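Since the structure comes first, as structure tokens, the remarks are kept for the end.
Number of protein chains: 2
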Amino acid sequence: MAREAGVSTATVSRALAAPASVSEELRRRVLETVERLGYTPNAAARNLRGGRSQMILVVVPRRANPPFFAEVLRGIDTVLSAAGYSVIMGNLDQEGAKERHVVEMMAAGHIDGAIILSGKVPVSGERSMLDTGLPMVSICAAAEGTHAILTDEGETIVEAARHLVGLGHRDLFYVAGPDGNANERIRWAALQQLFAELALGDVRVRRTEGNFQFSGGVTAAEAFLALAERPTGVVCCNDEMAIGFMKTVQAAGVRVPADVSVVGFDGIEFADFCEPTLTTVCQPRYELGATGARLMLDLIKKPGPSAPTTTLLANEFKVRDSTAPPRQPRPGEAPAKAAPGDAKPALVPLTIS
Amino acid sequence: MAREAGVSTATVSRALAAPASVSEELRRRVLETVERLGYTPNAAARNLRGGRSQMILVVVPRRANPPFFAEVLRGIDTVLSAAGYSVIMGNLDQEGAKERHVVEMMAAGHIDGAIILSGKVPVSGERSMLDTGLPMVSICAAAEGTHAILTDEGETIVEAARHLVGLGHRDLFYVAGPDGNANERIRWAALQQLFAELALGDVRVRRTEGNFQFSGGVTAAEAFLALAERPTGVVCCNDEMAIGFMKTVQAAGVRVPADVSVVGFDGIEFADFCEPTLTTVCQPRYELGATGARLMLDLIKKPGPSAPTTTLLANEFKVRDSTAPPRQPRPGEAPAKAAPGDAKPALVPLTIS
DNA sequence: CTGTTAGCGCTTTCAA
DNA sequence: TTGAAAGCGCTAACAG
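Just so you know, the sequences run in chain order W and Y.
Going by the UniProt record's numbering, the first sequence opens with residue 1, and the numbers climb by one from there.
Going by the UniProt record's numbering, the second sequence opens with residue 1, and the numbers climb by one from there.
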């Protein structure tokens, strides 16, 4: 290739990388030859020489909800692409084989940095991704030792719950995320604090666990339907479960919001097209990804260890059609409220089934 | 590293790659040292030397619907990961900058093969991905010159339309995909053929174009609502548009399926949780991805050019609650059917607005 | 401003 | 069975 243009390989390299350092004459000749031969520098050689690969690993949790994560990924990809980086997908699988794989890629120098959406730094045996010293950013859920981009999820789920209480609901149902999930922990802790602050004896809360999928909402709805005294307000830890819940209770003749109010969390697009439209907390999904990617680029620019930082983005609570004041009990019907005698044991976070 | 174990670098390489060719004694010593030092071979050097990178590029169309594509991607990733390959995301953006980028990656030897979900081989100026001679597989939509994994989408959308006709619908509405989209072309062509075969003068079809998003369904519904004589059966080119359509006409007081029947295409999960549940054609999304990935691995195994092949997977038409026989016109109401005088101009594929 | 050269870390002949 | 050495394609340091 260099021979073809009648120059040295170094000149070719310079003409491509630092056009200013080459004479007008040669530069033109090189570029013309490059064009004519359709030459593209070999990435592996460049990577080997320069120690960087222009690839960012994105670690996605095992059963990531596409409607939520796809938009975060779009934010990441848009920003990284514009800077000339490519994204390698690291979907974690069940057996942990993939987890080992991504740690190895990282150690093999195949990657310039990692963005973690799974809430924890991948580990393989003794080795952690952190050992590589490469820049790492976590999004949506803080992974220890990394820079985190988070939302005010605790505050906003409390806002959603307050919305229900404000409408007059006193008997609540919380459809939780999977046990141990970082977001679930934060949201439940925030809710517990809210309930502790509310006038004791006034609000009752029951809780069941879900899987963040539609099916989790279905299961929660079945538990709900089986209750003798049904709660009138339901807080779901994400929109899929809220929608699965609504669909299932409706099939059993329970009206939303007339008989039960439901709020979700995430603000996926489907929340505007289910029946009824879902009152929910909208997370800035694209911006979460874009912000994380920008931080990654910064970290790559100025290398060296830096103390983990936290960036907080704001969610937005949106009231739609799935919430309303509780129905007044008709004469002869059991009241939704707990009987006066039950007033003392206010906070009753039973785990159902 | 080799010095540490007291052997040559060649021995280390052999111990890792071909354990059989190294004496028991040395092998153990090498492996132990590898473990102790946490050594991982440098990927770039290996790639440079071997000419392969263990990376597969997946080209995703610009506005890919997450509920559909995420599952295809999962199929791809699962199969490729198990074989030790990683996936690089090539989301195409608006300006075509990304298209150039992916072509360059391919030419730069950064990639061992490409899976194309966008229906066309990316091109940058004069250069096409095909020029690299690397294995290429297209999924969901055939890209010229590649091995394609497709479904019987024409047959199954016809099945969906026949379902409506079989229920008694004679005035149909087709909500198309974006103009020029490969899937849209195939489906519309199949529908046109069906209508040509049906007794002429009996079925009327009008058509409007959509964008494969919820918003496309909303727009189509507005066009529908504006019609003086509303069709009674609606075929949508994908589920998102069908759901957007249903929600919008319902808001205007049109009942589904009592006043209008709706069928979708794809079989995304939402189709089971919208109101009413959506009659639709379910595509084997995971299997599409997995099959394509397996073919890719085969192609990599036995290199050299091969004549493009086509693999067809079967869709499944599922009847749910969004379709029913057309309502009998009440006395004094205009019939849904075209008046007898209109019988001759049977197929009326008007494009609406 | 341009050419020569060394070497990134690995695998793979080729000899021993 | 093992070691020595060449070289994958590039870029950066050094001469000229």
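Even for Gly, the Cβ is constructed at its ideal location relative to N, Cα and C.
None of these values were measured; they are calculated from a predicted model.
Against chain W, the CB of residue 48 of chain Y has a partner CB under 8 Å away; the residue lies at that interface. At a Cβ-Cβ threshold of 8 Å, residue 102 of chain W and residue 119 of chain W do not count as neighbours. If you check each beta-carbon in the region 261-285 of chain W against every beta-carbon of chain Y, the ones closer than 7 Å belong to 269, 270, 273, 274 and 275.
A straight-line Cα-Cα distance of about 12 Å links residue 270 of chain W and residue 244 of chain W. The residue from W/256, W/264 and W/226 with its alpha-carbon nearest to that of residue 242 of chain W is W/264.
Where residue 174 of chain Y is concerned, the enclosing beta strand (DSSP E) starts and stops at 171-176.
Around the beta-carbon of residue 23 of chain Y, fewer than 16 other beta-carbon atoms lie within 10 Å, marking it exposed. If only uninterrupted alpha helix (DSSP H) runs of at least 4 residues are considered, those enclosed by the region 206-261 of chain W are 214-226 and 239-251. The beta carbon of residue 100 of chain W does not come within 8 Å of any beta carbon belonging to chain Y, so the residue lies off that interface. Segment contact: the region 194-212 of chain Y against the region 174-186 of chain Y, three or more CB-CB distances shorter than 8 Å; contact assigned.
Look at the beta carbons and you see the region 52-61 of chain W not touching the region 137-148 of chain Y: under three pairs across the two are nearer than 8 Å. Cβ neighbours of residue 156 of chain Y within its own chain (closer than 7 Å, five residues either side excluded): 281, 315 and 317.
Counting C-beta pairs closer than 8 Å gives fewer than three between the region 283-301 of chain Y and the region 250-263 of chain Y, which falls short of the contact rule.
In the displayed model, residue 301 of chain W falls within a helix according to three-state DSSP. Secondary structure note for residue 134 of chain W: it is in no alpha helix (DSSP H), with a DSSP letter that is neither H nor E. Shown here, residue 46 of chain Y sits in a helix according to DSSP, grouped into three states.
Secondary structure at residue 111 of chain W: coil, using DSSP grouped into helix, strand and coil. Under the three-state reduction of DSSP, residue 316 of chain Y is assigned to strand.
Proximity of chain W to residue 127 of chain Y at the Cβ level (cut-off 9 Å) is accounted for by 38 and 40, in chain order. Your pair residue 171 of chain W and residue 232 of chain W checks out as a contact, with CB atoms roughly 5 Å apart and the cut at 8 Å. With at least 16 other beta carbons inside 10 angstroms of its own, residue 191 of chain Y counts as buried. Around residue 74 of chain Y, the same chain offers 286 and 289 as residues with beta carbons nearer than 7 Å, after the five sequence neighbours per side are excluded. For residue 7 of chain Y, no beta strand (DSSP E) segment is defined, and its DSSP state is neither H nor E.
Sequence-distant partners of residue 169 of chain W (beyond 5 residues in either direction) whose C-beta falls short of 7 Å from its own C-beta, in its chain, are 232, 233, 261 and 326. Secondary structure note for residue 279 of chain W: its beta strand (DSSP E) is the uninterrupted segment 279-282. The beta-carbon separation of residue 70 of chain Y and residue 70 of chain W, rounded to 6 Å, stays under the 8 Å limit for a contact. The contact set of residue 105 of chain Y on chain W, defined by CB atoms closer than 8 Å, consists of 43 and 86 in chain order. Non-local C-beta neighbours of residue 105 of chain Y in its own chain, meaning closer than 6 Å and more than five positions away in sequence, comprise 111, ordered along the chain. In this structure, residue 121 of chain W lies near residue 129 of chain W, with their beta-carbon atoms less than 8 Å apart. Per DSSP, the continuous alpha helix (DSSP H) segment holding residue 183 of chain W begins and ends at 182-197.
Taking C-beta separations shorter than 6 Å and ignoring five residues to either side along the sequence, the partners of residue 279 of chain Y in its chain run 263, 319, 320, 322 and 323, following chain order. DSSP lists no beta-bridge partner residue for residue 268 of chain Y. Secondary structure of residue 21 of chain Y (DSSP, three-state): helix.
Assignment of residue 124 of chain W by DSSP, reduced to helix, strand and coil, places it in the strand class.
Its Cα nearest to that of residue 160 of chain W, the residue W/194 stands out among W/194, W/181, W/68 and W/46. Around the beta carbon of residue 247 of chain W, 16 or more other beta carbons lie within 10 angstroms, which makes this residue buried.
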